[in-house]
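*Asks:* Numbering (this note's numbering), first residue to last: 1 to 321. If you scroll down you'll find the structure; I have some questions about it.
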Amino acid sequence: MKSIISGILIVVLMCQLASGAYVNIFEINYGISKINVIEINIQENGFSQINIEFTPNNTEFSFIIPEGSEDMSLNYDTGNKIVPKQRILNNRKEISANIPADRLNSNFIFSYFTPAITSKNASTWAVSFTTSSTPRHTIVKINFPQYSTIVSWDRTALFTKIDNSLWVYPQNTSFLFECTYETMQHLTQDNNNNIYLYSLIGFSLLILVLLLVLYIFVSRKWKEKSGETSKTEEDGEEDKEKKTRIKSSILNVLDENERRIVEILEKFDEEVTQAYIYKTTGIPKATLSDIMRRLENRNIIKRRRDGRTNWVSLEDWVFSK
1 MKSIISGILI
11 VVLMCQLASG
21 AYVNIFEINY
31 GISKINVIEI
41 NIQENGFSQI
51 NIEFTPNNTE
61 FSFIIPEGSE
71 DMSLNYDTGN
81 KIVPKQRILN
91 NRKEISANIP
101 ADRLNSNFIF
111 SYFTPAITSK
121 NASTWAVSFT
131 TSSTPRHTIV
141 KINFPQYSTI
151 VSWDRTALFT
161 KIDNSLWVYP
171 QNTSFLFECT
181 YETMQHLTQD
191 NNNNIYLYSL
201 IGFSLLILVL
211 LLVLYIFVSR
221 KWKEKSGETS
231 KTEEDGEEDK
241 EKKTRIKSSI
251 LNVLDENERR
261 IVEILEKFDE
271 EVTQAYIYKT
281 TGIPKATLSD
291 IMRRLENRNI
301 IKRRRDGRTN
311 WVSLEDWVFS
321 K
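Pasting the structure below:
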């Protein structure tokens, strides 16, 4: 009964989202060529810290954020701060800044706090927003509170789920997102109410595991006694079972050259030089450097410089457990 009530609450919550306007967390006015990363850190009280990394192509740029935004800061990649100008425009806040010409095409990070993208019904939270994005380049990283569970989200968009986070990859210049998640309080109540069911499932799984172990033991003994298992057959079975260790959700968003590089790195359980990848793939150096930077921004690879040598390896999280 409680699961039915929970489902009804979620449906009602999603209907409320559909009927309301989405909060635009970052809308480009002018002077910005691309948005690299949008990171949203949702806190337990519903406030969200939003960090946008973007690249300007003009010495003056402007963008729009929600009116009630607080604790704003603007920095560029050397760590220097810029004090932007701001004004209220149609119940939203316009942010603008002037930068030196030698800062063009550098990466800037704008941060602020807002409660505008979340709403709560009992222990179920809803998140909804829209934002400008650079198609097939921007990564939207949504980090949920610790020990929360993501209930539903729009799975039509390309995404990667990492623990309490969702990484989404917009395909259009305007990106819309909505989801619901539950807090630990709600999960604890459900666990207490269903402890008997979980115990029964655990006991059944234990019996299945014991039966499986017994079956494997008897099968091996029978094969050893009959002599039907040969080294060649075992090698053939190992070849059939050999699969890539990279998560399919990652491979699905890679283009051909990115996939080739990831497969080369997967083949080695250690670091590989960028020069080796260049010689193996034949990808032009400028293009290869751009691909490496793109994979590094998406947290798929990590690079280490040793003298004049660039060492490359895969991040641990990309492997299937």
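Ideal placement from N, C-alpha and C gives every residue a C-beta, glycine not left out. No experiment lies behind these values; they were computed from the predicted model shown.
Mapping the DSSP letters down to three states, classify T156 as helix, strand or coil.
*Replies:* Of the three classes helix, strand and coil, the one that applies to T156 here is coil, per DSSP.
*Asks:* Are the beta-carbon atoms belonging to F26 and F63 less than 9 Å from one another?
*Replies:* In this structure, F63 lies closer than 9 Å to F26 by Cβ.
*Asks:* Can you look up Y322 in the DSSP assignment and give me helix, strand or coil?
*Replies:* Here the chain has residues from 1 to 321 only, and residue 322 is not among them.
*Asks:* Please look up how many angstroms separate the CB atoms of I50 and V127, rounded, as I've assumed it's under 8 Å.
*Replies:* About 12 Å separates the two Cβ atoms, so there is no contact after all.
*Asks:* Roughly how many whole angstroms lie between the Cα atoms of P115 and F144?
*Replies:* Answer to the nearest angstrom: the Cα atoms are 14 Å apart.
*Asks:* Return no unless some Cβ of chain C is closer than 9 Å to the Cβ of N107.
*Replies:* Any reference to chain C falls outside this structure, which holds one protein chain only.
*Asks:* According to DSSP, what are the bridge partners of V140?
*Replies:* Looking at the DSSP assignment, V140 forms a beta bridge with I38, V168.
*Asks:* Could you check the C-alpha separation between S335 and T281 for me, to the nearest Å?
*Replies:* Past the edges of the chain, shown from 1 to 321, lies residue 335, and the structure says nothing about it.
*Asks:* Using only the alpha-carbon positions, how far apart do L166 and Y181 sit?
*Replies:* When rounded, the distance between both Cα atoms is 12 Å.
*Asks:* Which one or two residues does DSSP pair with N310 in a beta bridge?
*Replies:* Paired residues: R305.
*Asks:* Report yes or no: do three or more beta-carbon pairs, one from the segment 75–83 and one from the segment 149–166, lie closer than 8 Å?
*Replies:* Short answer: they don't touch.
*Asks:* In the DSSP output, what is P66 paired with across the bridge?
*Replies:* Note: P66 sits in a beta bridge opposite R92.
*Asks:* Report the three-state DSSP secondary structure of I117 (helix, strand or coil).
*Replies:* Of the three classes helix, strand and coil, the one that applies to I117 here is coil, per DSSP.
*Asks:* Please classify I207 as buried or exposed, where buried requires at least 16 neighbouring CB atoms within 10 angstroms.
*Replies:* Exposed.
*Asks:* Could you tell me the boundaries of the alpha helix (DSSP H) in which A126 lies?
*Replies:* From DSSP, A126 is part of no alpha helix (DSSP H) but of the beta strand (DSSP E) over 124–132.
*Asks:* Roughly how far, in whole angstroms, is the beta-carbon of F177 from the beta-carbon of F108, given that I think they are within contact range, below 8 Å?
*Replies:* Going by Cβ atoms, the distance from F177 to F108 rounds to 23 Å, so no, they are not a contact pair.
*Asks:* For L176, which three-state DSSP category applies?
*Replies:* The answer is strand: DSSP assigns L176 an E or B state.
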